[in-house]
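This note's numbering puts the first residue of the sequence shown at 1257, with every later residue one more than the last.
Taking it in order: structure first as structure tokens, then the write-up.
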Amino acid sequence: MGRFLAAIGLIAIWGVRGHVRAFESGDVSPHSKSAGLDLVLPTDNDALFSGDGAAFYQYVERNYKGEKSTPWEGGRYGFVRDPIDTASGTIFTRFHEGIDIRPMHRDANGEPLDEVRAIADGKVVHANLVPGYSNYGKYIVIEHRWDGSGYYSLYGHLSSIRVHPGESVKRGQPIAIMGYTGVGISRERAHLHLELDLMFSNQFEAWHDAFFRNDPNHNGIYNGLNLAGLDIARLYLALKENPWLTIPEFLSREETFYKVTLPNSRHFELPRLYPWMLAGKPNQPTSWDVSFASSGVPLKIEPSGKHVTQPELGYVKKNSINYSYLTRDIVAGHGANAQLSGYGAQLMRLLTWPD
């Protein structure tokens, strides 16, 4: 996020608890050039597939205008937290980059007992054992290689970890126990925070040291700022309909919310990390136009003839609501008045750091 179903002699069908299962067949698969993702849910909780959101997602505690509530919708992916009133109605301004999965098993004291498992074959690349070193608390990152690109599943708020960096793991292998380590989580709200991410740059540590000197980075390139999470719940559901779906195909359905033009740089890693993003013929471009979803996930890279010396906003989907609420504070302004925020400009520099 094993990872691949075998390319020859396999038929994929949907099995129990959301598994994509493979069975032998005498036929050669027509999908042998690019086998589908082979994901499993990370815990026994499979209510996602029955549409029971309240049983699948852990609720958040909300106090809005003096009214307290516990909406399970706050455990979903996307802009699902911190509501505010605008002229266009109530909107949610805080982005949740993963999904929060409720426990199924607790002991007599209410401690979560749920086993956490790898969602696909991969390699453990990071394990944070010190809860205070991250808002994720104790967490694990597993690298999955699909069609030559790296994707990263992240498992947060763990109580204990069973694997070590460098260790290869199989789909469905136990890797941890669910917990409530991290910021602002009680035993009652114990859950697994799960992400599936793309990575921005291997130069993240140097970039972080330049812009966040007073905020120590204890997690190397696997810091959450360097990981862009896609909608993994929607991916699970899409795979149920089409087990041969790939990440590029899945992300091709995302709407481009803004584009940023970057100076041409030999340090621009995205085209090497995710070659499928490249569109057009990159013959000595002057710059690059990078398209992003509102989530901040990069979608497409196109060569450009525009001369820029710093990242510049080239396009944003027009809206009367302040863009900072719609783009995780990467774009600022509203209507026709839009530009990269200070943070947005810093983040875009990561893509070509150290240039």
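Built from N, CA and C at the ideal position, the CB exists for glycine as well.
These figures come from a predicted structure and were not determined experimentally.
Other residues of its chain near residue i: CB distance less than 7 Å, five sequence neighbours each side excluded
i: D1545; result: K1515, T1517, E1558, S1560, G1570
i: W1645; result: In this structure the chain extends from 1257 to 1611, so residue 1645 is not present and cannot be described.
i: R1362; result: P1368, L1369
i: I1577; result: T1342, S1344, I1347, H1590
i: L1501; result: G1292, L1293, A1494, L1495
i: H1449; result: G1354, D1356, Y1392, G1412, H1413
i: T1542; result: N1520, S1560, G1561, K1562, H1563
i: M1604; result: V1516, L1518, P1567, L1596
i: R1584; result: F1351, G1552
i: P1527; result: M1533, L1534, I1557
Residue range of the alpha helix (DSSP H) that includes residue i
i: P1359; result: Element bounds for P1359: n/a, residue is neither H nor E.
i: F1467; result: 1460-1467
i: E1505; result: 1503-1507
i: R1528; result: 1526-1529
i: G1307; result: That residue, G1307, is in no alpha helix (DSSP H); it is neither H nor E in DSSP.
i: L1582; result: 1579-1582
Option nearest residue i by Cα separation, candidates the options
i: V1397; options: N1301, F1468, H1420, N1391; result: H1420
i: D1453; options: F1513, L1495, L1529; result: L1529
i: Q1602; options: F1468, A1311, G1307, E1317; result: F1468
i: P1387; options: G1330, Y1411, I1355, L1606; result: Y1411
i: S1551; options: A1484, E1444, S1416, R1445; result: A1484
i: P1519; options: A1535, I1488, Q1540; result: Q1540
i: R1318; options: V1572, I1340, G1404; result: I1340
i: S1405; options: E1329, P1430, M1533, E1371; result: M1533
i: A1592; options: K1574, G1366, T1437, R1418; result: K1574
i: R1443; options: A1364, R1337, G1307; result: A1364
i: G1366; options: R1337, S1508, G1309, M1434; result: M1434
i: E1510; options: A1489, Y1492, F1548, G1480; result: F1548
i: I1431; options: H1382, P1504, E1371, E1323; result: E1371
i: Y1333; options: L1486, R1418, Y1407; result: L1486
i: I1417; options: D1465, H1382, L1507; result: H1382
i: G1307; options: W1328, D1465, Y1320; result: W1328
i: N1482; options: P1554, S1508, P1531; result: P1554
i: Y1492; options: G1438, F1506, N1479; result: F1506
Three-state secondary structure (DSSP) of residue i
i: E1568; result: strand
i: N1319; result: strand
i: N1479; result: coil
i: P1610; result: coil
i: A1432; result: strand
i: Q1602; result: helix
i: A1594; result: strand
i: K1394; result: strand
i: E1510; result: coil
i: E1399; result: strand
i: G1561; result: coil
i: F1456; result: coil
i: G1589; result: strand
i: G1345; result: strand
i: G1544; result: First, the residue type needs correcting, since residue 1544 is Trp and not Gly in the sequence shown. W1544: strand per DSSP, three-state reduction.
i: G1536; result: coil
i: E1329; result: helix
i: P1387; result: helix
i: W1500; result: coil
Start and end residues, beta strand (DSSP E) containing residue i
i: E1497; result: Here E1497 belongs to no beta strand (DSSP E); instead the alpha helix (DSSP H) covers 1488-1497.
i: S1442; result: Where S1442 is concerned, there is no enclosing beta strand (DSSP E), given that its DSSP letter is neither H nor E.
i: E1423; result: It is not in any beta strand (DSSP E) - E1423 carries neither H nor E in the DSSP assignment.
i: T1342; result: 1334-1342
i: S1550; result: From DSSP, S1550 is part of no beta strand (DSSP E); its letter is neither H nor E.
i: A1383; result: 1378-1384
i: S1409; result: 1405-1417
i: E1367; result: Unbroken run through E1367: none, as it is neither H nor E.
Neighbourhood of residue i by C-beta, 6 Å cutoff - its chain only, sequence neighbours within 5 removed
i: S1409; result: M1257, I1375, I1398, L1452
i: F1335; result: F1348, F1351
i: K1379; result: E1399, S1424
i: G1331; result: Y1313, Q1314, D1356
i: G1598; result: none
i: L1606; result: F1456, S1457, W1463
i: G1428; result: V1296, R1373
i: D1283; result: With a pLDDT of 33 at D1283, under the threshold of 50, the predicted position of this residue should be treated as unreliable, and no value is reported.
i: S1325; result: R1318
i: M1360; result: D1300, N1301, D1370
i: N1309; result: Sequence inspection shows Gly at residue 1309; the Asn mentioned does not correspond to that position. For G1309, where only same-chain residues beyond five positions count, the Cβ hits under 6 Å are W1328.
i: D1471; result: none
Own chain, CB closer than 8 Å to residue i, minus 5 neighbours either side, in chain order
i: H1474; result: N1384, V1386, Y1389, S1390
i: A1311; result: N1301, A1303, R1358
i: V1587; result: Y1514, L1569, V1572, Y1579, S1580, A1594, Q1595, L1596, S1597, G1600
i: Y1436; result: P1368, G1393, H1413, S1415, S1442, R1443, R1445, A1446, H1447
i: K1537; result: P1559
i: G1476; result: H1382, F1460, E1461
i: A1489; result: L1304, R1332, Y1333, I1355
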